[in-house]
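Here is the structure we will look at, set down as structure tokens.
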């Protein structure tokens, strides 16, 4: 009897250890700084997030500790990894672009990404999002969307948005959420980022929950 209990216990432990890496991978599916799931062969998924990183951030979505990837992982945890595709906006993300009110080419690229998602995956729910200069890029992109593509945008989320007090072209206000911290210098028209502008990682879960509610 003691032997059978020991073997059963051992089997349970082994099963847990084997399963653990899968669980960890599921929880941390988006652990890189570049995602191109509209063009890398990823099949169409229920939700497509098109995201613009902030000034000088790595890759096309920011490093794994940046707010973008944290939101993707939190959202995947809510809706399921197999339902989510992420497309980063490939643009310069330099200081000049920020001073220009968001890189003009970045806006064009994001709008083109949205058009690609709408035509390639007609049933996907499109989410546009960006942080800091990436939020400016979202504003530029929104103004370039055709009526057909705009109608397929289910949600727009901007964080640390320099244009938070402006309207968003072609997108109903009910589909747009802005997260700006109290005291954020960039949200209030400044050009030098301060501490409240640098910790939007704390909002990743809240942001993901809102997106999930919009694409449910």
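Numbering (mature numbering (1 follows the signal peptide of the UniProt record, and there is no 0)), first residue to last: -19 to -1, 1 to 197. For every residue, glycine included, the Cβ atom is placed at its ideal position computed from N, Cα and C. Since this is a predicted model, take the numbers as computed values, not measurements.
Short Cβ contact (8 Å threshold) for residue i with residue j
i           : j           : result
residue 196 : residue 122 : no
residue 178 : residue 149 : no
residue 92  : residue 107 : no
residue 74  : residue 114 : yes
residue 48  : residue 185 : yes
residue 175 : residue 166 : yes
residue 31  : residue 98  : yes
residue 112 : residue 54  : no
residue 60  : residue 72  : no
residue 26  : residue 139 : no
Beta-carbon contacts of residue i that lie in its chain and below 7 Å, excluding the five residues immediately before and after
i          : result
residue 15 : 40, 41, 42, 69
residue 88 : 118, 121, 122, 125
residue 7  : At residue 7 the pLDDT is 44, less than 50, meaning the model places this residue with poor confidence and gives no usable figure here.
Whole-number beta carbon distance between residue j and residue i, since they are thought to touch under 8 Å
i           : j           : result
residue 56  : residue 65  : 6 Å
residue 145 : residue 159 : 5 Å
Contact set for residue i: own chain, Cβ-Cβ below 6 Å, skip 5 residues either direction
i           : result
residue 13  : none
residue 127 : none
residue 3   : Reliability fails at residue 3, whose pLDDT of 39 lies under 50, so the model's placement of it is uncertain and no value is given.
Own chain residues within Cβ distance below 8 Å of residue i, not counting five before or after
i           : result
residue 156 : 134, 135, 136, 137, 195
residue 76  : 36, 37
Continuous beta strand (DSSP E) stretch holding residue i: start and end
i           : result
residue 159 : 157 to 160
residue 29  : 28 to 33
residue 66  : 65 to 69
Residue i: CB within 7 Å of a non-hydrogen atom of the ligand PLP
i           : result
residue 135 : This structure lacks the ligand PLP, and indeed carries no ligand of any kind.
Start and end residues, alpha helix (DSSP H) containing residue i
i           : result
residue 76  : 76 to 80
residue 42  : It is not in any alpha helix (DSSP H) - residue 42 carries neither H nor E in the DSSP assignment.
residue 187 : 185 to 196
(request) List in chain order: all unbroken beta strand (DSSP E) runs of 3+ residues lying wholly within the region 92 to 153. (result) 106 to 112, 134 to 140
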